[in-house]
Amino acid sequence: MKPSGIGGMAVIEGVMMKNKNEYAIAVRKPNNEITVEKKSHKDFSDKVKLFKLPIFRGMLAFIDSMVIGIKVLNFSASFFEEEEEKKEVSEKTNALLMVLAVVASLAISISLFMVLPVLISNLFSRWIESIFLLSLMEGILRLFIFIGYIVLASQMKEIKRVFMYHGAEHKTINCLENGFELTLENVKWQTKAHKRCGTSFMLLVMLISLVFFVILRPETLALRILSRILLVPVIAGISYEFIRLAGRSESKIVDILSRPGLWMQALTTKEPDDDMIEVAIASVDTVFDWKEFLKKEEDEKPKKESSGKARTVKGEKPQVSTSDLKKNSQENKKSNAKDLKESEKAQETKNVKEAKSVQEGENIQKSENIQENENIQKTGNVKMDHKAKDLGRASQHKKKDAAKNEYAVAGEISIASPKQEYEEDDEILKALDKYLDFSEDK
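In the working numbering, the protein residues as written are 30 to 471.
Here's what the structure looks like:
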């Protein structure tokens, strides 16, 4: 998000937008017409250089916003006054009334948000002796009073409509700073929260004052009240610097510290209708050349992209901004993570396929081996059967021959030597058996 430098505020049935030393007030009148008035505003810091320094410029901006705020509120209210209430006054009288209004606003704000918490916390000094605890209680009371004030104000019908115009103001500025053309459709879907909002500024004043007054804690009640009043400009200046930083920085720390203010804006901004958005667009159109702003943004994009590339200048290294480096590193991390996930998925798929193919190959090999073993087994069994049959037949023939021989020999054997001849026959049979066993082994 590129800061546009424009700011604004919601008024009665309208929106004020300020750009540098000019501001425009757009108001929708009772007859439904939009009237716009453009005015110039002298910057006091041009005369006094001190108010261009940090913190001091915040003090001036705080007073400046109150002066312009009262002016534009009076202007917007003038369209809804009864005819008899409208009275022409001189410029001197008007200036005097403006000063009185600013002083009265400051007095009421300081009394309500700075002095009252001190007085309430002091009532507990009888039971709480610690100044630290009393100061802490004071700061918490200040926060509750501020939030309660906004909640009660938001219940009024007129204030609700002002808060809706406040939402239209934020949406319009966000539309430009996000790089979109200023059209009704583009503005409608923008967020109604903005880091540079006055609500965030006021909440920061309350939080920073809590820290300040816990550290700086005078003993007497009078000094405590005086210190609160005198330190208001300093606290406002510090709060302004943070709001200014938040509008320009994309740091995570700044983003986290800005969140309480953004949450608080849920009370002070409401969803606007189309008529309110049209009023906000008319106000911006009058005081800000948004088309030129978007064109510059488009022209800067190629420069930003080319700045990341190396330049072939001798002895010179390409200059890349820290934010670009962070963005590039984040994008590279995301792309690398994405590529890693895709490669892991591809590798996993490949491994699964290879595992399946290996498994299938093993199964085929096993089935082939089993089939081959079965065939071999069958062949071996057949051969063994044939061998066994052949051996059986041979043994039968041999047994028959042996029997014939025995019969033949028996006819030639004498009664005197029957034992010797019988032993010789046994030796022949043993030799024959060995021969048969040997053949069988083969």
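From the three backbone atoms N, C-alpha and C, an ideal C-beta is built for every residue, glycine too. Keep in mind it's a predicted model, so treat the numbers as computed, not measured.
- In this structure, M185 keeps its C-beta atom at 8 Å or more from the C-beta atom of T228.
- For E51, the enclosing beta strand (DSSP E) starts and ends at 51–57.
- Excluding its 5 nearest sequence neighbours in each direction, E198 has C-beta neighbours in its own chain below 6 Å: G37, A39, V44, A309, listed in chain order.
- Here DSSP, grouped into helix, strand and coil, assigns A39 to strand.
- Here DSSP, grouped into helix, strand and coil, assigns S154 to coil.
- Out of L145, M231, L141, the CA that lies nearest to the CA of G266 is found in M231.
- Of the residues L125, E167, M127, the one whose Cα lies closest to the Cα of L141 is E167.
- Leaving aside the five residues that flank L291 on each side, the residues in its chain whose CB is nearer than 6 Å to its CB run, in chain order, A222.
- Of the candidates I41, L145, W218, the residue whose Cα lies closest to the Cα of S105 is I41.
- The beta carbons of L260 and F241 sit closer together than 8 Å.
- Straight across, the Cα-Cα distance linking V65 with K47 is about 13 Å.
- F109 and P59 have their C-alpha atoms roughly 7 Å apart.
- A contact between stretches requires three or more CB pairs, one per stretch, nearer than 8 Å, and the stretch 172–186 fails this requirement with the stretch 152–159.
- For E198, the enclosing alpha helix (DSSP H) starts and ends at 186–206.
- Shown here for S287: same chain residues with a beta carbon closer than 8 Å to its own, the five before and five after excluded, namely K224, S229, A275 in chain order.
- In this chain, the alpha helix (DSSP H) harbouring K217 covers 213–217.
- A residue is called buried when at least 16 other Cβ atoms come within 10 angstroms of its Cβ; N203 meets this threshold and is buried.
- With respect to the 8 Å criterion, P262 and R253 are not classified as neighbours on the basis of their beta carbons.
- Less than 8 Å divides the Cβ of L233 from the Cβ of S268.
- Secondary structure of E62 (DSSP, three-state): coil.
- In this chain, the alpha helix (DSSP H) harbouring F91 covers 85–106.
- About 6 Å separates the CB atoms of T298 and F192; that is less than 8 Å, so the two are in contact.
- Rounded to the nearest whole angstrom, the C-alpha separation of V147 and V56 is 40 Å.
- Taking a C-beta distance under 8 Å as the contact criterion, I63 and A311 qualify as a contact pair.
- Each of L245, L213, I272 was checked against the Cα of I306, and the nearest Cα belongs to L213.
- Between F91 and the set L126, K67, S138, the nearest pair of CA atoms involves S138.
- The Cβ-Cβ distance between S74 and K67 does not fall below 8 Å.
- In this structure E51 is not in contact with V243, their Cβ atoms being roughly 41 Å apart against a cut-off of 8 Å.
- Take the alpha-carbon of I54 and the one of M143: they are about 32 Å apart.
- The C-alpha of S238 lies about 10 Å from the C-alpha of L172.
- Counting only the Cα atoms, R273 lies some 13 Å from S280.
- Assignment of beta-bridge partners to V44 by DSSP yields A39, A55.
- Looking at the backbone, the Cα of S150 and that of L236 are separated by about 17 Å.
- With contacts defined by Cβ atoms closer than 8 Å, S154 and L163 form a contacting pair.
- Using a 10 angstroms sphere on the CB of R277, the tally of other CB atoms stays under 16, which defines it as exposed.
- Close CB contacts of F85 within its chain, under the 7 Å cut and outside five residues either way in sequence, are with L79, G266 (chain order).
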